[in-house]
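Q: For reference, the structure I am asking about is given below.
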Amino acid sequence: MQKKLIALAVAGLAAAPVFAQSNVTIYGVVDAGLGVGHADNVDFRGVVGGVLSGNRIGFKGAEELGNGLKAVFQLEQGFNIDDGTFHQANRQFSRQAYVGLQGAFGTVSLGRQYAPGYFAGYDAALSSNVSPQSVFSAGGGLTITPNSPARWNNAIAYTGSFSGFTARAIYSANDTEAELHTPGVAVHAPGADDKFGLGLDYANGPLKVGAVFQYLHQARADIDTRAGAGFVTMQDKNQREWYVGGSYDFGFLEVDASFQAGKGVDYSVVNTKVASTDPDAVAFGADQSVRLWNVGVIVPVSAAGKVHVDYGRFTNKDSNDADARSWTLAYTHALSKRTTGYAAYQRVYNDKFAAFGAGQVSQLGVSDEQNSLLTVGMRHTF
Numbered sequence: 002m003q004k005k006l007i008a009l010a011v012a013g014l015a016a017a018p019v020f021a022q023s024n025v026t027i028y029g030v031v032d033a034g035l036g037v038g039h040a041d042n043v044d045f046r047g048v049v050g051g052v053l054s055g056n057r058i059g060f061k062g063a064e065e066l067g068n069g070l071k072a073v074f075q076l077e078q079g080f081n082i083d084d085g086t087f088h089q090a091n092r093q094f095s096r097q098a099y100v101g102l103q104g105a106f107g108t109v110s111l112g113r114q115y116a117p118g119y120f121a122g123y124d125a126a127l128s129s130n131v132s133p134q135s136v137f138s139a140g141g142g143l144t145i146t147p148n149s150p151a152r153w154n155n156a157i158a159y160t161g162s163f164s165g166f167t168a169r170a171i172y173s174a175n176d177t178e179a180e181l182h183t184p185g186v187a188v189h190a191p192g193a194d195d196k197f198g199l200g201l202d203y204a205n206g207p208l209k210v211g212a213v214f215q216y217l218h219q220a221r222a223d224i225d226t227r228a229g230a231g232f233v234t235m236q237d238k239n240q241r242e243w244y245v246g247g248s249y250d251f252g253f254l255e256v257d258a259s260f261q262a263g264k265g266v267d268y269s270v271v272n273t274k275v276a277s278t279d280p281d282a283v284a285f286g287a288d289q290s291v292r293l294w295n296v297g298v299i300v301p302v303s304a305a306g307k308v309h310v311d312y313g314r315f316t317n318k319d320s321n322d323a324d325a326r327s328w329t330l331a332y333t334h335a336l337s338k339r340t341t342g343y344a345a346y347q348r349v350y351n352d353k354f355a356a357f358g359a360g361q362v363s364q365l366g367v368s369d370e371q372n373s374l375l376t377v378g379m380r381h382t383f
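Right, here's the structure in full:
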């Protein structure tokens, strides 16, 4: 009996260093508020989630491998705070799911991951869902955005930090998610999709600047019901995007600004208020050239409170009437290190062929109309 106890003790001591070298962290964000939205003749009143940050729960960890190397992983699922459902019903880890190797060279990882454009956060509205840049980039068909289009499947990614610079690169192959376009359906050819992105940020005291380039290629069949049932045209989509941004913190005031452009972007809006033959209509499946700029300030008003003012404009270079503009006024108050209260108001002005919606009620976006969202809520991180 004594020999068995000694053997168990020795086995426990031998295993102890293994446990000491690895760790797993459970973390998350819970963000909810009350919102009042308006668009044309439609009103919204109710609970809105993920205003400052998307709701999520995740698991991440690292294990020491020796010689300065670590094995790292991250699994992260988004959810809807109003009804408790998954953010994307067909995914168990909709936001991130990857494993990688980390060392002095940086981190190399494989799986579903953020493209460099997700981190392009030179935005006075904190890249939140009431940010003009967030609303216009995602709604305008761009992937340089703090939203779902910046999460890429089947990807190999690299991140490294050196002397104030942070470099990011990603390549995604055979990402064959189907896309739905009105009035047709775009069916991607399996194995014919490629995406890659490059990003570089620099931080030095109060100054931060960054640049991103992302490219998407898709070989697809467009089924255009306007040309007759079953009419199919084959076309390649080659979408190129650029982004530059920066911020400077003067202490009493932080200034943020960014500019981005995209070519070959799918951006189609159906305006039922005008004739379908209108010469400024955005043709279905047409490659559009779009631009988006954003400028704003963050003003500390107390030790815990800040005022955020942001203005952005979206321009479609291929149509005279597919532009939009938006402004946001918000206040955030740090209730603790992990809890922030907020109040925000966003208004969006759409041209005849633009249909962007404000914040979390983007589904209320109506072309040739103004729409708005007022929300008051709280974000807690753990």
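In this note's numbering, the protein residues as written are 2 to 383. Here a beta-carbon is modelled for each residue, glycine too, at the ideal position from N, C-alpha and C. Remember, predicted model here, so these are calculated numbers, not experimental data.
(1) For the candidate residues H309, V349, S95 and T108, whose alpha-carbon lies nearest to that of L254?
(2) For the pair the stretch 39-55 and the stretch 128-139, tell me if three or more CB-CB distances fall below 8 Å.
(3) Identify, in the order they occur along the chain, each residue of the same chain with its Cβ nearer than 6 Å to the Cβ of G112, setting aside the five sequence neighbours on each side.
(4) Quick check on the burial criterion: 16 or more other C-beta atoms within 10 angstroms. Buried or exposed for K238?
(5) Run through DSSP, which three-state label would P301 get?
(6) Would you mind working out which of A325, A345 and A344 sits nearest A356, comparing C-alpha positions?
(7) V52 lies in the alpha helix (DSSP H); which residues open and close that run?
(8) Pair every Cβ in the stretch 79-89 with every Cβ in the stretch 104-111, then say whether three or more of these pairs are closer than 8 Å.
(9) List the whole-angstrom C-beta distance separating L330 from Y343, where the pair is believed to meet the contact cut-off of C-beta under 8 Å.
(10) Within 10 angstroms of the Cβ of K338, are there 16 or more other Cβ atoms? Answer buried if so, exposed if not.
(11) Taking just the CA atoms, how far does D257 sit from N205?
(12) At which residues does the beta strand (DSSP E) containing A40 begin and terminate?
(13) Pick from F94, L143 and V298: whose alpha carbon is nearest that of D311?
(14) Mind reading off the beta-carbon distance from A1 to A158? Whole number of angstroms is fine, and I expect it under 8 Å.
(15) Does DSSP put A151 in a helix, a strand or coil?
(16) Where does V188 fall in DSSP's three states?
(17) Return the CA-CA distance between N155 and L53, expressed in angstroms with no decimal places.
(18) Considering just the uninterrupted stretch of the alpha helix (DSSP H) at V131, what are its terminal residues?
(19) Any idea if S327 is buried or exposed, counting beta-carbon neighbours within 10 angstroms, 16 or more meaning buried?
(20) Taking the alpha-carbon positions, what's the D44 to Q114 distance?
(21) Could you tell me which residues DSSP pairs with L330 in its beta bridges?
(22) Would you check if the distance between the CB atom of G200 and the CB atom of F120 is smaller than 8 Å?
(23) Sorted by chain position, which residues of the same chain lie with C-beta nearer than 7 Å to T144's C-beta, five sequence neighbours on each side aside?
(24) Where I58 and S138 are concerned, what is the direct C-alpha to C-alpha distance, given to the nearest angstrom?
(25) Could you tell me the alpha carbon to alpha carbon distance between G165 and K353, rounded to whole angstroms?
(26) Can you tell me whether DSSP reads A335 as helix, strand or coil?
(27) Near D32, what residues of its chain come up, given a Cβ to Cβ distance below 8 Å and the 5 sequence neighbours on each side ignored?
(28) Which one of A126, S162, Q103 and K61 has the shortest CA to CA distance from A72?
(29) With DSSP as the reference, identify every bridge partner of R96, one or two as the case may be.
(30) Could you work out which residue in D319, G161 and G247 is closest to V210 when comparing CA atoms only?
(31) Strictly by DSSP, which residues pair up with F354?
(32) Which class does F60 belong to by DSSP, given the choice of helix, strand or coil?
A: Short version:
(1) H309
(2) yes
(3) A98 and Y99
(4) buried
(5) strand
(6) A325
(7) No alpha helix (DSSP H) holds V52; DSSP gives it neither H nor E.
(8) no
(9) Not a contact, Cβ separation roughly 12 Å.
(10) exposed
(11) 15 Å
(12) S23 to A40
(13) V298
(14) Residue numbering for the chain in the displayed model covers 2 to 383; residue 1 lies beyond these limits and cannot be assessed.
(15) helix
(16) Because the pLDDT at V188 is just 48, under 50, the model does not fix this residue reliably, and the point stays unresolved.
(17) 28 Å
(18) Here V131 belongs to no alpha helix (DSSP H), and DSSP marks it neither H nor E.
(19) buried
(20) 36 Å
(21) V310 and Y346
(22) yes
(23) A116, G118, P150, A151, Q215, L217 and E242
(24) 25 Å
(25) 45 Å
(26) strand
(27) G50, G51, V52, L53, S54, G55, N56, I82, G378, M379, R380 and H381
(28) Q103
(29) Answer by DSSP bridge pairing: none, since R96 is not bridged.
(30) G247
(31) Note: F354 sits in no beta bridge, so no partner.
(32) strand
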